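Here the structure is laid out as C-alpha cells; the discussion comes afterwards.
Residue numbers (this note's numbering), protein chains in the order written: chain E, 1 to 512; chain U, 513 to 1030.
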C-alpha cells in the first residue's frame, strides 16, 4: 500500500508546486495553495473512514554496529488518523486566514506551511523512533522562517526562543534513541515497546526524562513554557492557529504514543510530578491569562491551561481521562484555531492585538463578534461543544484516577477560563470604542469560511463525539494500558519491586 | 562481462581536465561579456559529462594507484556537484562584478580534478600530486580579487602555511616509504620499523588536518574564507574538506587494516573505502593514541569553532569558523570502539564519515553560492547587517540558503542531520555516550548562530535590494542542490557500514589482477 507514503509526500509536492509555479501574484498563489491544501485534506479523510488501520514498512538503513534497521515504518490508527484530520484541515484554515496578513508573500508562506504539514503528518504516522524524530524536529526550520517572515516587532527574539527551547529539549531524546537502538537492536516502536524491559535499569530514568522533556516543551508543560507566550504573541494569528491548534498536540501525542508504552514504570512512578505540573499549568495559565493585555498572549496562556488539564488526565491513566484527552486534543485544536484566526484578522487590519486598543466592535464587525463569541464559548467548554465532552471526561477520569482534590483544582481552571474569555469579549466587542476600533472592518467571505467550519465541527462533535471517542479515544485508552497494569500490580503487591512486574503490552502493540 | 581497461575509472577526472583545458583555450578569443556567458556552460557541460561517466564507470582499481568503490563514487559525485554549484556561483559573481578574465572557470575545474585524484588515490604520491594540483589552483582562486587587501592577506596566509604543511606531508610520505618499502596505502610494515610507520603517519595526519582546517591548524581558514570571492569560498570549503577527509579516512582505514594483518598485497588489491576492516587487539593498542588524538582534536575543533562562530558578525567568517566545527564532528567518526562492545571490538568502518562529507560538500558549495548572490557587488555586503532582510528581497536565494543552513545546523530532514545522526550514533555504539551527548549539545550551540543567520535574512527589512545578477545556471543548480540535500537522506545505505557490498573491490580487483598476472 502506497497510500500512506502518498499522503506523506503530497504536501511536499504541494510545497514544490506552490514555490515553483507561482510568482509575485499573491492571490493566484493563495488560490493554488487553498486548492492544494483542500485536496490533501480530502486525501487524508479515508484514514478515519475506510482505511483506519494501515501499516507499511519501507527499508531505509542499518545503523552501524547494530542490527537495528531503521525503516520508514508508517502506520495509522484512530488517534493518528484524527490528529491528521486536524493537521490537514487546520492547514487549509491557516491559508484561508492568512491571506490578509501574508499578502504578496503567499509563496513563501505556502512553502513553509506545506513542509510543516508533511512533517506533522509524518510524525503522526511514524512508528519508528528515528523517523518520528526526523519529522518532529524538522518542523522547526519552516516554523522559524514563518515567524521571522511574518512575525511582529519582536519576531527575531521569538524565533530564537522557539527554536532553542525545542531543539535543546529534543537533543536528549536523540541521544536516548541512539542508546535504545544500540541496546535493543531496533528502532521499531512496536519492538521497542515489547522489549523495553531489556534496557539497563539505571538508564531508564534518564531515558524517560529525555523523552518526557522533549514532548513537554512542545505541549508546553510548566516550567518549560517560556517560549510559548512570546512565540504566540509575535506570530501571525493564522500561523498560531496551526502552531497552537495542531503542532502543540504532537507533544501530547508523544506522551501517549511513546512515553506511556515504553516507560510504564517510570510514568507511574513519576506521575505525581506531571500531575502537579499539569495542575499548576492549568490553574496558573488561566489566572495569568486574565491579566494579559495582549489577546494572543491571553490565548497562549489559555492553551497552557487547557493542555495542562490534558496532561493531568493522561497521567491519571484512567480510561475515561485518556479518551477525553483524545477528544479534547481535537476539540481544543478546533476552538483555539478559530480564536487565533479571528485575532489574526483583527491584527492584520490594525497591526495590534492589544486588549485595550479596541471596544464596541460588535457595531463595526457584527459577524466577527458572533463568531468570536461562539468560538470563545466553545473554548470555555460550553455544553454542546466538543470541548465540553473532552473536559468532562478528563475531569471525571481525573477524579476517578487521582482523587477529588485534583479534579476540584482542575475544575477551577474551567471557571477561570470563562473569566478571561469574558473579559476579552467584553472589552473588544462591547463597552466604549477603543482608539483602533475605526480600523477594524468585518470579516471577508474567505475569513468566515476559515472559521465557520471549525465552529460547526466543534458543535457537531459536541453532540456526536462518538467518531472521535470510538476511534481516537479507544486507541488512547489502549496506550495507557501498560501504566494501568503497573498501577494495578503495585496496588496488589505493595512490597514488590516495580521492575519485577511483567507488563502486558499486547493492547499497545496490537496494531498489525 | 566485457573486459574494460581499469584506467577507464579515471574518465570523470579526464573529462573534468578536458573541460578545464577547453575553457582555458577558448578564453582569449572571447569578449569580456562572452567569457562569463559561455565559459561556465563549457565547464558545466564537462562536469555533467564527468558526472554521467562517474555513475557509469565500473568499480575497480587502476594498477593499484587509483581505486573506485561505492564510497569514492559518491564522494567524487559530491566533488563534481560542488564544482558545478561553484561554477554557477562564479558566473553570477564574476558577471555581476564585470571581472576581466575567464580563467577562474578553468582553475576551478583543475582544482576539482586535483581533488578527484585525492579521492581516487590509493597511493601516497598520487595523493600528494592531487593535493598539489588542487592547492595551487585554489591559491590562485583565493587571490582572484587582486586589488583587495583582505584577499591578498588571505591568499598569503593560506599559501605560506599550505607550503609548510605540504612539506610536512611530504616528509610523512618519505618516512612511511621507509617503513613499508612502498608508497601504496596500507602496505605491511617492514619488521622492526613500526615506529617509523607511526611517525610517518603522524606527519601525514598533521598535513591533512591542516587541509581540513581542524584545531589547532585552523588559523588560515577565516582569512582565506573571507578573502576569496564567496563562490570560491564555497568551492574551497567543500572540495578541500572532501579531499582531505577522504585521504585521512583512507589512510586511517588502511593503517588499521594493515596492522590487523589485512595489509594490501597484490593478491588482495587495495582496500575499498566502504569496507569494514578487522581491528585486532594489537592494532587497537598501537593506534589508541592516534584515535584519542582524533577524538580530542575533534572535540576541541567543535568547541573552538562553534564558540568562535557564535560572535561573528560577518556571514562568511561565521561559516569559516563553523567549518572548523564541522571538521571536528567528522573527526569523531575516526574514534576506535572501546573494549567490551561485543562484535564492535574487532570491526571498523567509516560509512558515517563518507555520508557526512557528501552532505557537507553539497551544502557548503550551495550555501556560499546563494550567499554570493545575496551579498552584492564584490561580496562586500556579507555582514549580518548587510544581509538583513535579503531573503525578503530575493526569496528564491533565501529559501535555498535556508535549506543549506538547516543542513549545516543538523536540523532534519536534511543530509546534515542524517550525517550528524550517523556519526554520533556510531559514537554511542562505540561506547562514547558522553562524548556524543557533548557533541550534540555543541551542535545546538552551532544551531544558534546558524539560526541567527536565518532569522536575520528573513526577519530584517532590506536596506537595499539584493543585486543578485541573474543566472539561469545558478538558479537551476541551486534548486537541484537544495532538493538533493533533502532527498539524499533516503540513501545512506549506499555509504554506511559496507553492508551493501563489503570488500567487493578487494575481491573483484584481486581476481582482475590474478588474470593479468603473467
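All C-beta atoms in this analysis are idealised placements derived from N, C-alpha and C, irrespective of residue type, glycine included.
All values derive from a computational prediction rather than experimental measurement.
Open item on the list: Here's a check: name, in chain order, each residue in its chain whose Cβ is nearer than 7 Å to the Cβ of residue 401 of chain E, leaving out the five neighbours to either side.
Closed with: Within the first chain, the letter at position 401 stands for residue 401 of chain E. Excluding positions up to five away in sequence, the list reads 316, 317, 318 and 321.
Open item on the list: Taking 7 Å as the threshold (C-beta atoms), are residue 666 of chain U and residue 759 of chain U in contact?
Closed with: Numbered from 1 along the second chain, position 247 holds the residue referred to as residue 759 of chain U. Numbered from 1 along the second chain, position 154 holds the residue referred to as residue 666 of chain U. Their beta carbons are not under 7 Å apart, which means residue 759 of chain U does not touch residue 666 of chain U by this criterion.
- [ ] For residue 1043 of chain U, decide whether its Cβ has a neighbour in chain E, counting only Cβ atoms nearer than 7 Å.
- [x] This structure cannot speak to residue 1043 of chain U, because chain U is shown only from 513 to 1030.
- [ ] Closer than 6 Å by C-beta to residue 618 of chain U: which residues in its own chain qualify, once you throw out the five before and the five after it? Chain order, please.
- [x] Here residue 618 of chain U is taken as the residue at index 106 of the second chain, counted from 1. Around residue 618 of chain U: 532, 535 and 536.
Task: Residue span of the beta strand (DSSP E) that contains residue 972 of chain U, given as start and end - done: Numbered from 1 along the second chain, position 460 holds the residue referred to as residue 972 of chain U. No beta strand (DSSP E) holds residue 972 of chain U; DSSP gives it neither H nor E.
Open item on the list: Is it the case that the segment 308–315 of chain E contacts the segment 439–446 of chain E, given that we only count it when at least three CB pairs across the two stretches are under 8 Å?
Closed with: no
Task: Paired residues, beta bridge with residue 383 of chain E - DSSP - done: Sequence index remark: in the first chain, residue 383 of chain E carries index 383 (1-based). DSSP, once it has assigned bridges, lists E/385 as partnering residue 383 of chain E.
TODO: Measure from the C-beta of residue 857 of chain U to each C-beta in chain E and report whether the shortest distance is under 7 Å.
DONE: The residue given as residue 857 of chain U occupies position 345 in the second chain. So, not an interface residue.
Task: Sequence-distant residues of the same chain with beta carbon closer than 7 Å to residue 704 of chain U, five excluded per side - done: Locating residue 704 of chain U in the second chain gives position 192, where the first residue counts as 1. Same-chain partners within the cutoff: there are none.
Open item on the list: Helix, strand or coil for residue 71 of chain E? Go by DSSP, reduced to three states.
Closed with: On the first chain, residue 71 of chain E is found 71 positions in, with the first residue counted as 1. In this structure, residue 71 of chain E counts as strand in the three-state DSSP scheme.
Task: 6 Å Cβ shell around residue 254 of chain E - same chain, five flanking residues per side excluded - done: As a first step, residue 254 of chain E is located in the first chain; it is residue number 254 there, counting from the start. Within the same chain, residue 254 of chain E has close Cβ partners 215.
Open item on the list: Suppose the cutoff is 8 Å on Cβ atoms and the five residues either side in sequence are ignored; what does the same chain contact list for residue 48 of chain E look like?
Closed with: Along the first chain, one-based indexing puts residue 48 of chain E at 48. If we look at residue 48 of chain E and ignore the five residues flanking it on each side, its Cβ neighbours are 78, 81, 82, 85, 467 and 471.
Open item on the list: Would the segment 64–73 of chain E count as touching the segment 38–54 of chain E if we require 3 or more Cβ pairs under 8 Å?
Closed with: no
Task: According to DSSP, residues forming a beta bridge with residue 216 of chain E - done: Residue mapping note: residue 216 of chain E aligns to position 216 of the first chain, counting from 1. None; residue 216 of chain E has no bridge partner.
- [ ] Would you mind working out which of U/528, U/529, U/669 and U/552 sits nearest residue 539 of chain U, comparing C-alpha positions?
- [x] For the purposes of this step, residue 539 of chain U is taken as residue 27 along the second chain, with counting starting at 1. Ranking the options by Cα distance to residue 539 of chain U, first place goes to U/552.
Task: Among U/838, U/609 and U/783, nearest to residue 742 of chain U - alpha-carbon criterion - done: In the second chain, residue 742 of chain U corresponds to position 230, counting from 1. The shortest C-alpha separation from residue 742 of chain U is found at U/609.
Open item on the list: Using a Cβ-Cβ distance cut-off of 7 Å, determine whether residue 17 of chain E contacts chain U.
Closed with: Reading the first chain from its first residue, position 17 is the one you call residue 17 of chain E. By this cut-off, residue 17 of chain E is not an interface position.
Task: Inter-residue Cα distance where the pair is residue 279 of chain E and residue 265 of chain E - done: Within the first chain, residue 279 of chain E is the residue found at index 279, counting from 1. Within the first chain, residue 265 of chain E is the residue found at index 265, counting from 1. If I take the Cα positions, the gap works out to 22 Å.
- [ ] Closer than 7 Å by C-beta to residue 91 of chain E: which residues in its own chain qualify, once you throw out the five before and the five after it? Chain order, please.
- [x] Translated into the one-based positions of the first chain, residue 91 of chain E becomes position 91. Hits under 7 Å: 37, 113, 117 and 242.
Open item on the list: Let me check understanding here. Comparing Cα to Cα, which of U/984, U/997 and U/800 lies closest to residue 914 of chain U?
Closed with: Taking the first residue of the second chain as 1, we reach residue 914 of chain U at position 402. For residue 914 of chain U, the nearest C-alpha among the options comes from U/997.
Task: Closer than 7 Å to chain U by CB, residue 167 of chain E - done: Numbered from its first residue, the first chain carries residue 167 of chain E at position 167. Chain U, which has a Cβ nearer than 7 Å to the Cβ of residue 167 of chain E, makes this yes.
- [ ] Determine, using beta-carbon pairs with one atom in the segment 96–106 of chain E and one in the segment 234–253 of chain E, whether at least three such pairs fall under 8 Å.
- [x] yes
Open item on the list: For residue 933 of chain U, tell me which candidate among U/845, U/858, U/852 and U/974 has the shortest Cα-Cα distance.
Closed with: Indexing the second chain from 1 puts residue 933 of chain U at position 421. Among U/845, U/858, U/852 and U/974, the Cα nearest to that of residue 933 of chain U is on U/845.
Open item on the list: On the CB-based measure, 16 or more other CB atoms within 10 Å of its CB, does residue 604 of chain U come out buried or exposed?
Closed with: Position 92 of the second chain, counted from the first residue, corresponds to residue 604 of chain U. Result: buried.
TODO: Would you be able to state if there are at least three C-beta pairs under 8 Å between the segment 184–200 of chain E and the segment 943–952 of chain U?
DONE: no
- [ ] Using alpha carbons as the reference points, say which of U/569, U/613, U/624 and U/731 lies closest to residue 641 of chain U.
- [x] Counting from 1 along the second chain, the entry for residue 641 of chain U is found at position 129. Nearest option by C-alpha distance: U/624.
TODO: Enumerate in chain order the residues of its own chain whose CB-to-CB distance from residue 431 of chain E is below 7 Å, with the five nearest sequence positions on each side excluded.
DONE: Against the first chain, residue 431 of chain E aligns to sequence position 431. Excluding sequence neighbours, residue 431 of chain E sits near 359 and 360.
Open item on the list: If we define contact as Cβ-Cβ less than 7 Å, is residue 928 of chain U a contact residue for chain E?
Closed with: Taking the second chain and counting its residues from 1, the one referred to as residue 928 of chain U is at position 416. For residue 928 of chain U, the answer is no, since every Cβ of chain E falls outside 7 Å of its Cβ.
- [ ] Please list the partners that residue 160 of chain E has in chain U, where partner means a Cβ-to-Cβ separation under 9 Å.
- [x] Numbered from its first residue, the first chain carries residue 160 of chain E at position 160. Within 9 Å Cβ-Cβ: 960, 963, 964 and 967.
Open item on the list: If you reduce the DSSP assignment to three classes, tell me which class residue 730 of chain U lands in.
Closed with: Within the second chain, numbered from 1, the residue matching residue 730 of chain U stands at position 218. Reduced to three states, the DSSP call for residue 730 of chain U is coil.
- [ ] Enumerate, from N- to C-terminal direction, the unbroken alpha helix (DSSP H) stretches of 4 or more residues contained entirely within the segment 217–299 of chain E.
- [x] 226–234, 237–242, 248–254, 264–269 and 271–290
- [ ] Could you tell me how far apart the beta carbons of residue 436 of chain E and residue 376 of chain E are, in whole angstroms, since I believe they sit closer than 8 Å?
- [x] Here the question's residue 436 of chain E lines up with position 436 in the first chain. Here the question's residue 376 of chain E lines up with position 376 in the first chain. Incorrect: roughly 20 Å between the Cβ atoms, too far for contact.
TODO: Anything in chain E within Cβ reach of residue 741 of chain U, meaning under 7 Å, just list it in chain order.
DONE: Stepping through the second chain from its first residue, residue 741 of chain U is reached at position 229. None at all; the shortest Cβ gap to chain E is about 27 Å.
Task: Between the CA atoms of residue 713 of chain U and residue 15 of chain E - distance to the nearest angstrom - done: Here residue 15 of chain E corresponds to residue number 15 of the first chain, with the count starting at 1. Here residue 713 of chain U corresponds to residue number 201 of the second chain, with the count starting at 1. About 50 Å.
Task: CB contact check: residue 764 of chain U to chain E, cutoff 7 Å - done: The residue given as residue 764 of chain U occupies position 252 in the second chain. With 7 Å as the cut-off, residue 764 of chain U does not count as an interface residue toward chain E.
Task: Minimum Cβ-Cβ distance from residue 64 of chain E to chain U less than 7 Å - done: Indexing the first chain from 1 puts residue 64 of chain E at position 64. So, interface residue.
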